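Chemist: Have a look at this one before I ask anything.
Residue numbers (the numbering used here), protein chains in the order written: chain A, 125 to 187; chain B, 15 to 179.
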């Protein structure tokens, strides 16, 4: 699913950037497993942690 | 959109996923019942409406399974869900099944996944008519029949086993 999201981002000319709110049990997977950057809890979305993937991280993920 | 993912890449990516707890698929956060990450504490967080719906969900699965003549393990196999989870669904009112499990059961029963998610306590009650109908169903489906031979034998064997311990 992450790969699909990156490909869609590339197709939409966002260079592979993606962002998401993570459920608590998946935080570790998004940071370590996917190499995304945690930007802290988002009070607007039930304090779920917000993660972003940069173009560099996206390229690394697809390697 | 084209995705060219090699078999090697998929294998490499699948390996760390093996033991990871990843839960995606909550299509609408606003519909989440209770607080995120507190599933194990859901018993005290269910609203009365959710409790009624959850009761109806367990009854629905139980009666549908029996109508079709499936044993619990047969339905679990058919739906590709964990047997223990199916037992919990039918017997434990406090147990909130995973959304995936509800989806699998919805597929087998040929019913709306969205409505079953609501019935199962995964989402807040939005469809009030469904909530009312769930209460009615739960009340009407309460068995008043005596135990049949199989149930009686199972009960006797289990009581005997318990008495031996």
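The C-beta atom is built at its ideal place from N, Cα and C for all residues, glycine as well. Bear in mind that the values here come from a model prediction, so they are computed numbers and not experimental data.
1) Considering Cα atoms alone, identify which of B:141, B:24 and B:95 is closest to residue 122 (chain B).
2) For a cutoff of 8 Å on Cβ pairs, would you count residue 30 (chain B) as touching chain A?
3) Check the Cβ-Cβ distances between residue 60 (chain B) and every residue of chain A, and say whether any is below 8 Å.
4) So, for residue 71 (chain B): in the same chain, excluding its five sequence neighbours on each side, which residues have a beta-carbon less than 6 Å away from its beta-carbon?
5) Beta-carbon of residue 131 (chain B) versus every beta-carbon of chain A: anything under 8 Å?
6) Please list, in chain order, the chain B residues whose beta carbon lies closer than 9 Å to that of residue 159 (chain A).
7) Where does residue 91 (chain B) sit, in a helix, a strand or coil, going by DSSP?
8) Across which residues does DSSP place residue 146 (chain A) in a beta bridge pair?
9) Mind checking whether residue 152 (chain A) and residue 173 (chain A) have CB atoms under 8 Å apart?
10) Consult DSSP for residue 163 (chain A) and reduce its assignment to one of helix, strand or coil.
11) Does the beta-carbon distance from residue 191 (chain A) to residue 160 (chain A) come in below 8 Å?
12) Rounded to a whole number of angstroms, what is the C-alpha to C-alpha distance between residue 162 (chain B) and residue 170 (chain B)?
13) Is residue 182 (chain A) close to chain B? Criterion is C-beta to C-beta, closer than 8 Å.
14) For the segment 125 to 155 of chain A, list every residue whose C-beta sits within 7 Å of some C-beta in chain B, in sequence order.
15) Check the DSSP bridge columns for residue 115 (chain B) and list the partner residues they point to.
16) Rounded to whole angstroms, what's the CA-CA distance from residue 160 (chain B) to residue 80 (chain B)? Just pull it up for me.
17) For residue 29 (chain B), report the span of its alpha helix (DSSP H) as first-last.
18) Straight-line CA distance for residue 82 (chain B) to residue 24 (chain B)?
19) With a Cβ-Cβ cutoff of 8 Å, do residue 155 (chain B) and residue 73 (chain B) count as a contact?
Modeler: Straight from the coordinates:
1) Checking every option, the nearest Cα to that of residue 122 (chain B) belongs to B:95.
2) Yes, its Cβ sits closer than 8 Å to a Cβ of chain A.
3) For residue 60 (chain B), the answer is no, since every Cβ of chain A falls outside 8 Å of its Cβ.
4) Closer than 6 Å at Cβ, skipping near neighbours: 133 and 134.
5) Not closer than 8 Å to any Cβ of chain A, the Cβ of residue 131 (chain B) fails to qualify, so no.
6) None at all; the shortest Cβ gap to chain B is about 11 Å.
7) In the three-state DSSP reduction, residue 91 (chain B) falls in the helix class (H, G or I).
8) For residue 146 (chain A), the pairing in a beta bridge is given by DSSP as A:173.
9) For residue 152 (chain A) and residue 173 (chain A), no; Cβs fall outside 8 Å.
10) Correct three-state label for residue 163 (chain A): strand.
11) The question about residue 191 (chain A) has no answer here: the residues shown for chain A are numbered 125 through 187.
12) Their backbone Cα atoms lie some 12 Å apart in a straight line.
13) False, the Cβ-Cβ gap to chain B never drops below 8 Å.
14) Against chain B - using a Cβ distance shorter than 7 Å - the residues of the segment 125 to 155 of chain A are 125, 127, 128, 131, 132, 135, 147, 148, 149, 150 and 153.
15) Paired residues: none, contrary to the question.
16) In a straight line, the C-alpha of residue 160 (chain B) is about 16 Å away from that of residue 80 (chain B).
17) According to the DSSP assignment, residue 29 (chain B) belongs to the alpha helix (DSSP H) that extends over 21 to 31.
18) Each residue's alpha carbon lies about 39 Å from the other.
19) Cβ atoms of residue 155 (chain B) and residue 73 (chain B): closer than 8 Å.
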